[in-house]
Amino acid sequence: MKTKFKRVIPCLDVKVFKDGEMVVKGVEFENVRIAGDPLTLAKRYNDEGADELVFLDISASIEGRKTVLNVVKKIVEKISIPLIVGGGISSVEDMEKILSLGASKVSIGTSAFLKPELIKRASEKFGSEKIVAAIDCKRNFSISEKKNVIELEDGKRAWYEVMIYGGKKATGFDAVEWAKKVEDLGAGEILLTSVDRDGTKLGYDIPITRAISEEVRIPVIASGGAGKFEHFYDAIVYGKADAVLAASVFHFREIEIKELKKYLANRGINVKIYS
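The opening residue of the sequence shown carries number 156 in our numbering; numbering runs sequentially from there.
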């Protein structure tokens, strides 16, 4: 079911280094730079009025390891808002461990694509409201009648290809079709990230956000490209997103969450403003 309130969600893209875990941010999934300590940022966003928080262990799947559970546990202890955890989750047992630590939802992307039955099994065990299907996608201009071809802002046409392993591997699978599939399998929400827009601050990828939002009944979180207040508004109004996720503009204090919510509320968007 679509949500009544539109949510603002910061994202902690966490990478493991030799001397510890740090939040990082890149552009189009490349050239990452350090943004800060995950615990400090999590507490800040909790206090600033974020609706939820996403924790993504972005190198777990690529490195073939599990999510850093010790960091997840510490974050849960510091915040009162719902926490969505993703990265390196490849089994129902992995999800059970994360949820047992106090996380509200788990996000699965690469593992869900490689093993679609994982979504079904997880939703049956934990409830669909606990399962977020993460879809990373990229524009593909090799037009095929078998794909959902979408007209872009500049008049060009493309279909969106599902990418896995942190946006590094193309699958040849259409993102709109995959979104419908994950809903049928039991996912309760979709975290949609445009690889083309990630970190660019050029605005969310409205065409694919709208296309998927119109095709599914479950909430869609728009991700990738936020750079100014108007971008969040556009994703909700024109992209029909139920939630807007961003990272660098929040990490580096280019946009304050409280000010963003006031802006959205003043433009008629139904958001929760916490006192």
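Each residue gets a CB set at the ideal place from its N, CA and C atoms; glycine is no exception.
Beta-carbon proximity of residue i to residue j, cut-off 8 Å
i, j, result
"Ile230", "Ala197", "yes"
"Gly257", "Leu211", "no"
"Val404", "Ala381", "yes"
"Ser266", "Ile239", "no"
"Asn121", "Glu332", "The question about residue 121 has no answer, for the chain in this structure spans 156 to 430."
"Lys275", "Gly341", "yes"
"Val226", "Val317", "no"
"Glu411", "Ile373", "no"
"Asn113", "Lys159", "Here the chain comprises residues numbered 156 to 430, so residue 113 is not present and cannot be evaluated."
"Leu167", "Leu208", "yes"
"Gly327", "Thr364", "no"
"Ala334", "Val392", "no"
"Asp353", "Ile376", "no"
"Ala330", "Ile367", "yes"
Distance, residue j Cα to residue i Cα
i, j, result
"Glu183", "Ile213", "Residue confidence for Glu183 is low, a pLDDT of 49 falling below 50, so the modelled location carries little weight; the figure read from the coordinates is stated next. Distance between the alpha carbons of Glu183 and Ile213: 13 Å."
"Ser235", "Arg162", "15 Å"
"Ser278", "Ser262", "12 Å"
"Asp360", "Lys293", "10 Å"
"Leu415", "Phe384", "6 Å"
"Leu307", "Thr355", "17 Å"
"Ala289", "Leu346", "5 Å"
"Gly379", "Leu400", "8 Å"
"Thr195", "Lys417", "24 Å"
"Asp389", "His406", "21 Å"
"Ile424", "Lys336", "29 Å"
"Lys413", "Leu357", "22 Å"
"Ala420", "Lys270", "40 Å"
"Lys280", "Leu254", "12 Å"
"Gly204", "Ile298", "43 Å"
"Tyr320", "Gly264", "8 Å"
"Thr362", "Phe387", "Reading off the sequence, residue 362 comes out as Pro, not Thr. Looking at the two C-alpha atoms, the distance is approximately 14 Å."
"Gly310", "Lys324", "27 Å"
"Pro237", "Ile305", "34 Å"
"Asp291", "Asp339", "18 Å"
"Ile286", "Glu369", "20 Å"
"Gly322", "Met250", "22 Å"
DSSP beta-bridge partners of residue i
i, result
"Gly241", "Leu211, Ser262"
"Lys336", "DSSP, once it has assigned bridges, lists no residue as partnering Lys336."
"Met318", "Asp291, Ala325"
"Ile286", "Val261"
"Pro165", "Ala401"
"Lys427", "Lys427 pairs with nothing; no bridge assigned."
"Arg312", "Glu306"
"Lys417", "According to DSSP, which records beta bridges pairwise, Lys417 is partnered with nothing at all."
Where the alpha helix (DSSP H) through residue i begins and ends
i, result
"Thr364", "361-370"
"Val304", "Careful: Val304 lies outside any alpha helix (DSSP H) and carries neither H nor E."
"Val247", "247-255"
"Ile298", "Unbroken run through Ile298: none, as it is neither H nor E."
"Lys388", "According to the sequence provided, residue 388 is Tyr. The question's Lys does not apply to it. Segment 384-392, the alpha helix (DSSP H) holding Tyr388."
"Arg276", "272-281"
"Ile230", "224-233"
Run of the beta strand (DSSP E) containing residue i, from where it starts to where it stops
i, result
"Thr348", "344-349"
"Ser378", "375-378"
"Ala398", "398-401"
Residue-chain proximity (residue i, chain C), Cβ-Cβ < 8 Å
i, result
"Ala398", "Chain labels in this structure do not include chain C; a single protein chain is all it has."
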